[in-house]
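Participant: Can you keep this structure in mind? I'll have questions shortly.
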Ligand code: ZN
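Residue numbers (this note's numbering): 2 to 133.
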């Protein structure tokens with residue numbers, strides 16, 4: 002299994018950053034033609050997901066809906082760091098996705114992109130790409 006780590010810089014508290022091209026580049030650099038790539042986010046207040054990258058309104062709506070479902074302030078939160086909502090969102094979306102690689106290319110649907118999801122930015126983050 003070969004791995005590669007890329008750095009992602011978020012610019013706001015909640016943000017979905019399209020990293021599809023960077024994952025494609027990493028897969029190309031590793032040089033695999035057929036297999037599976039795992040995209041893993043080693044953070045507790047960020048995540049990764051696959052969703053539509055055609056209409057930017059979709060990303061807006063996902064972040065807005067998550068904010069309604071998991072408000073930043075809740076009287077029952079106990080976590081002293083004050084970022085419980087970010088932890089919850091991280092677990093809701095999850096920390097990894099797997100995508101097939103065929104003929105050196107990611108097998109994604111026409112409207113699909115891979116998004117790094119920031120929930121407690123702005124920060125510098127790491128994304129680990131493992132190809133098998
Ligand atoms: Zn925390």
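Think of the CB as a built atom: it goes at the ideal place given N, C-alpha and C, for glycine as much as any other residue.
Does DSSP put residue 70 in a helix, in a strand, or in coil?
Facilitator: Indexing the chain shown from 1 puts residue 70 at position 69. In the three-state scheme derived from DSSP, where H, G and I count as helix and E and B as strand, residue 70 is classed as helix.
Participant: With 16 other CB atoms within 10 Å as the buried threshold, where does residue 90 fall?
Facilitator: Here residue 90 refers to the residue found at position 89 when the chain shown is read from its first residue. So residue 90 ends up on the buried side.
Participant: Closer than 6 Å by C-beta to residue 21: which residues in its own chain qualify, once you throw out the five before and the five after it? Chain order, please.
Facilitator: Position 20 of the chain shown, counted from the first residue, corresponds to residue 21. Result list for residue 21: 114 and 115, in chain order.
Participant: Which complete beta strand (DSSP E) runs does the segment 17 to 80 hold, if anything under 3 residues is left out?
Facilitator: 36 to 41 and 47 to 53
Participant: Opposite residue 117 in the DSSP bridges: which residues?
Facilitator: Counting from one through the chain shown, the residue named residue 117 turns up at place 116. Looking at the DSSP assignment, residue 117 forms a beta bridge with 18 and 49.
Participant: I'd like the span of the beta strand (DSSP E) that includes residue 97, first residue to last.
Facilitator: If you number the chain shown from 1, residue 97 lands on position 96. Residue 97 -> beta strand (DSSP E) spans 97 to 103.
Participant: Less than 8 Å between the C-beta atoms of residue 98 and residue 40, yes or no?
Facilitator: On the chain shown, residue 98 is found 97 positions in, with the first residue counted as 1. On the chain shown, residue 40 is found 39 positions in, with the first residue counted as 1. Yes; because the gap between Cβ atoms is below 8 Å, this pair is in contact.
Participant: Who are the near neighbours of residue 11 in its chain, counting only those whose CB is closer than 6 Å to its CB and skipping five residues on each side?
Facilitator: To locate residue 11, count along the chain shown from 1; it is residue 10. Excluding sequence neighbours, residue 11 sits near 119, 122, 123 and 124.
Participant: Kindly indicate the opening and closing residues of the alpha helix (DSSP H) around residue 89.
Facilitator: For this step, residue 89 is matched to residue 88 along the chain shown. Element bounds for residue 89: 85 to 94.
Participant: Under three-state DSSP, which class holds residue 4?
Facilitator: Locating residue 4 in the chain shown gives position 3, counting from the first residue. Of the three classes helix, strand and coil, the one that applies to residue 4 here is strand, per DSSP.
Participant: Considering only the alpha carbon of each residue, which of 66, 28, 46 and 112 lies closest to residue 80?
Facilitator: As a first step, residue 80 is located in the chain shown; it is residue number 79 there, counting from the start. When only C-alpha atoms are compared, the closest one is 46.
Participant: Could you have a look at residue 124 and say whether DSSP puts it in helix, strand or coil?
Facilitator: By one-based count along the chain shown, residue 124 stands at place 123. Three-state result, residue 124: coil.
Participant: What residue from 104, 117, 74 and 112 has the CA that sits closest to residue 95's CA?
Facilitator: Translated into the one-based positions of the chain shown, residue 95 becomes position 94. Selected option, being the one with the closest Cα: 117.
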